[in-house]
Amino acid sequence: MKKPLTAILTLLVLSSALFAAAPHYDKGSQLFSFKVGTTLPTFTYFFGSKDLKGGLGEGKTGMQVGGYGGISYQVFNTPYTAIGGEIGYNFNFAVDKELFTAVPFYAKYSYLPLQGKWEIPISTGLGFAYIKYKDAQLMTLYTNLEVGVTWYPGEHWGVALNTGLWLIPEFNYNDAPKKDNALAGFVPITVSVTYRQ
Amino acid sequence: MKRTLTCILTITTLLTLLFTSCNADASAGLFKQLADAKKPVEIRYRQIIGKDDTDLYFLTNDGIYKTDGTTIRGNKKGHPVYEAYIDKSPATHYIIYLINDGGTAKVYRFDPSGNPDPEMTFGTSLVEPKIKHLLPNGKVVVQGKKSGKNAFAIIEHNYTYDTSDISKEVLFEDLDGYGLDSILFMSGKQQDPAEFIISFVTSGGSYKHYYTEGTTAKTYELTLNKNKNLAGFWTNGTSLYLITKDGNLYGSDITDVPTGPTHMKDLSRQFPSNAFVYGMSSGGTTYLITKTKTANEALFVVSFADDTITPPVNTKVISTGYASQMSNVNIVSAFEKSAGNLLIATEKNGMFDITITDAATGEGSSAGPEDYTL
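Residue numbers (the numbering used here), protein chains in the order written: chain A, 36 to 232; chain B, 250 to 623.
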């Protein structure tokens, strides 16, 4: 698992060095994105029991492939980096047919080493997510790392394919659920439409 | 800019604390509940009706079935069967069922010949009677008027001849402002013509509970000093134990008139309506094996010395052995094959066959779902 991730990151860093010569953006340029796609519940790690449940379905994370939709806005603070935020809605049906939902809203920092007709945005996010499943609901922390490939056929509009990893911790302060504190990971696979100016 | 940032951070922190505190209501961790979630089976049980010499009869969301695969009565559109009873008194057993027909509950006797099922007519001393429930022991609860006041009656009926024995009618009178809250049977023994507790409640939350003794159908009013919403009970004929929805355990000696049960312990658990409460005694200790609202706790065992109604009371969560498949299920009905051997029907997860060897430790076995023997 670690090796492919390292290879991808190395490739991205090398490509950034290769293509970083001609920035398309100026400080103050903006990106608006609409994103839809699917999320794959990947693992849940329980801190108390040190139990790692990986994969979809019963006896694993208990969740199935879900869906995600979100909007984001970012403004460039340097020609290669942008800051902004994203809010979205995610759902996954559990194996018992009940719905797990997450509403992440977070600050986003992106680095675009390759710019122009083709772009490779690498983003990291940090914020909160409201999560709910049956009678359990809480506001918790949320963080992610995403990478995408965007194609701009024209000057302003582009389409992108994105993936990455979301991390959602669950910290309970009440005695009964405290022993179940956990960290859940999801892999999103999304397409987005971006307007840049 | 700094002030705006401070405002945003403060609001976000407050929102975080607000929603985090909401999770205090949850019985288990959110991701733990997800990881423990079980696939529903196709059968959605509502009630184990009873057993004849060879087969079990059960009610599902689709109708009444028998374990040999026979559909006794499939649900008709808009007229699902809500409650059913097997009358084993005649050689050819009758299946009796209740449906809602345009807002009116009606009870029918299933006719296997294919002729229309005859509707049962119940005799009662109440005026303007309306059927409310068909109990799993065959008795029928009706609501009406007695001396101009709201009243309820429990009627014993002969389904062969469609006649009611008014002399055996149990009346609950002078109940203006009260509606029916619950009718509780002992888990595993709903099908027997046994003890039950009927509770009435006002819109303001005042309760009246009546314990009806099994043999002579004598009825006693129970007065609980607090927490009056009952979830389940168990009796061995000498002592009566009650558990409220908010987890308080009461005990009462029923060799005399059991009017004021004694508070024994706050169990620190929430219980659903008609909670699973199965009692058994071993080595001088009584065990109440229960299912709480804590979803990922399998079974919750309450224990105390036989026939005592005072502390100490011990509690323990059992997750292995006979309880190994009882987490994240909603028990709707149970059938006691023999002492310690139970069929447990769940709402979405099928039927389990459990054998309790040692209630205290979890020793025993659990088969299923849908892998049970009769």
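Here a beta-carbon is modelled for each residue, glycine too, at the ideal position from N, C-alpha and C.
Counting only beta-carbon separations shorter than 8 Å, does residue i have a partner in chain A?
{"i": "L516/B", "result": "no"}
{"i": "P289/B", "result": "yes"}
{"i": "K540/B", "result": "no"}
{"i": "E619/B", "result": "no"}
{"i": "F549/B", "result": "no"}
{"i": "G599/B", "result": "no"}
{"i": "G496/B", "result": "no"}
{"i": "A273/B", "result": "Any reading at A273/B must be qualified, since the residue scores a pLDDT of 48, below 50, and its modelled position is unreliable; the value itself is stated next. At least one chain A Cβ lies under 8 Å of A273/B."}
{"i": "F280/B", "result": "yes"}
{"i": "M250/B", "result": "Only weak support is given to the placement of M250/B: the predicted model assigns it a pLDDT of 48, under 50, and the value that follows is read from those uncertain coordinates. No, no contact with chain A."}
{"i": "L283/B", "result": "yes"}
{"i": "A286/B", "result": "yes"}
{"i": "A277/B", "result": "yes"}
So, is the C-beta of residue i closer than 8 Å to a C-beta in chain B?
{"i": "S227/A", "result": "no"}
{"i": "I155/A", "result": "no"}
{"i": "V110/A", "result": "no"}
{"i": "K169/A", "result": "yes"}
{"i": "T96/A", "result": "yes"}
{"i": "M36/A", "result": "In this prediction, M36/A scores a pLDDT of 48, lower than 50, which makes its location untrustworthy; the coordinate-derived value is nonetheless stated afterwards. No, no contact with chain B."}
{"i": "V194/A", "result": "no"}
{"i": "E93/A", "result": "yes"}
{"i": "P114/A", "result": "no"}
{"i": "I166/A", "result": "yes"}
{"i": "P139/A", "result": "no"}
{"i": "E181/A", "result": "no"}
{"i": "T136/A", "result": "no"}
{"i": "L173/A", "result": "yes"}
Look at residue i and residue j and say whether their C-beta atoms are less than 8 Å apart.
{"i": "T534/B", "j": "A554/B", "result": "yes"}
{"i": "K169/A", "j": "E133/A", "result": "yes"}
{"i": "G19/A", "j": "V110/A", "result": "An answer regarding residue 19/A cannot be provided, because it is not within the stretch 36 to 232 covered by chain A."}
{"i": "A627/B", "j": "Y536/B", "result": "Residue 627/B lies beyond the residue range present for chain B, which begins at 250 and ends at 623; the question has no answer from this structure."}
{"i": "Y490/B", "j": "L591/B", "result": "no"}
{"i": "D502/B", "j": "S488/B", "result": "yes"}
{"i": "V624/B", "j": "F401/B", "result": "The first residue shown for chain B is 250 and the last is 623, placing residue 624/B beyond what the model contains."}
{"i": "D624/B", "j": "V450/B", "result": "This structure cannot settle anything about residue 624/B, because the visible part of chain B is limited to 250 through 623."}
{"i": "D210/A", "j": "K281/B", "result": "no"}
{"i": "G89/A", "j": "F78/A", "result": "yes"}
{"i": "V551/B", "j": "V562/B", "result": "yes"}
{"i": "Y331/B", "j": "L305/B", "result": "no"}
{"i": "P212/A", "j": "G278/B", "result": "yes"}
{"i": "I415/B", "j": "T373/B", "result": "yes"}
{"i": "T185/A", "j": "T229/A", "result": "yes"}
{"i": "I106/A", "j": "S68/A", "result": "yes"}
{"i": "T559/B", "j": "M513/B", "result": "yes"}
{"i": "N127/A", "j": "T175/A", "result": "no"}
{"i": "I298/B", "j": "Y334/B", "result": "yes"}
Looking at the strands, I want to know which residues DSSP matches up with residue i.
{"i": "H406/B", "result": "S413/B"}
{"i": "D210/A", "result": "Paired residue(s): none; D210/A is not in a bridge."}
{"i": "S227/A", "result": "K70/A, A195/A"}
{"i": "L173/A", "result": "I166/A"}
{"i": "G352/B", "result": "Bridge partners of G352/B: none, in fact."}
{"i": "D336/B", "result": "Y343/B"}
{"i": "F111/A", "result": "A117/A"}
{"i": "R322/B", "result": "I313/B"}
{"i": "W106/A", "result": "One detail in the question is off: residue 106/A reads as Ile in this sequence, not Trp. According to DSSP, which records beta bridges pairwise, I106/A is partnered with F69/A, I122/A."}
{"i": "Q392/B", "result": "K379/B, F401/B"}
{"i": "H458/B", "result": "S448/B, L471/B"}
{"i": "G33/A", "result": "Residue coverage of chain A in this structure runs from 36 to 232, which leaves residue 33/A outside it and unanswerable."}
{"i": "T535/B", "result": "S530/B, F553/B"}
Write down the C-beta distance between residue i and residue j rounded to the nearest angstrom, noting that I regard them as a contact closer than 8 Å.
{"i": "Y141/A", "j": "Y177/A", "result": "6 Å"}
{"i": "E624/B", "j": "G570/B", "result": "For chain B, the structure presents residues 250 to 623; residue 624/B sits outside this window and is missing."}
{"i": "I321/B", "j": "I344/B", "result": "5 Å"}
{"i": "S582/B", "j": "S615/B", "result": "About 17 Å; that fails the 8 Å criterion."}
{"i": "I203/A", "j": "A137/A", "result": "7 Å"}
{"i": "L200/A", "j": "V222/A", "result": "6 Å"}
{"i": "G393/B", "j": "P378/B", "result": "4 Å"}
{"i": "G183/A", "j": "P139/A", "result": "Between P139/A and G183/A the Cβ distance is about 17 Å, and since that is not below 8 Å, they are no contact."}
{"i": "N478/B", "j": "T493/B", "result": "6 Å"}
{"i": "Y427/B", "j": "N399/B", "result": "7 Å"}
{"i": "L283/B", "j": "T96/A", "result": "6 Å"}
I want to check one thing, is the minimum distance from the CB of residue i to the heavy atoms of the ligand SAM below 7 Å?
{"i": "T353/B", "result": "Looking at this structure, you won't find the ligand SAM or any other ligand, since it has none at all."}
Are any of the Cβ atoms in chain D nearer than 8 Å to that of residue i?
{"i": "A524/B", "result": "This model lacks chain D altogether, as its protein chains are A and B."}
* Per the contact definition of three or more C-beta pairs closer than 8 Å, is the stretch 403 to 416 of chain B in contact with the stretch 433 to 441 of chain B? -> no
* Are there three or more Cβ pairs, one per stretch, closer than 8 Å when the stretch 514 to 527 of chain B is compared with the stretch 594 to 604 of chain B? -> no
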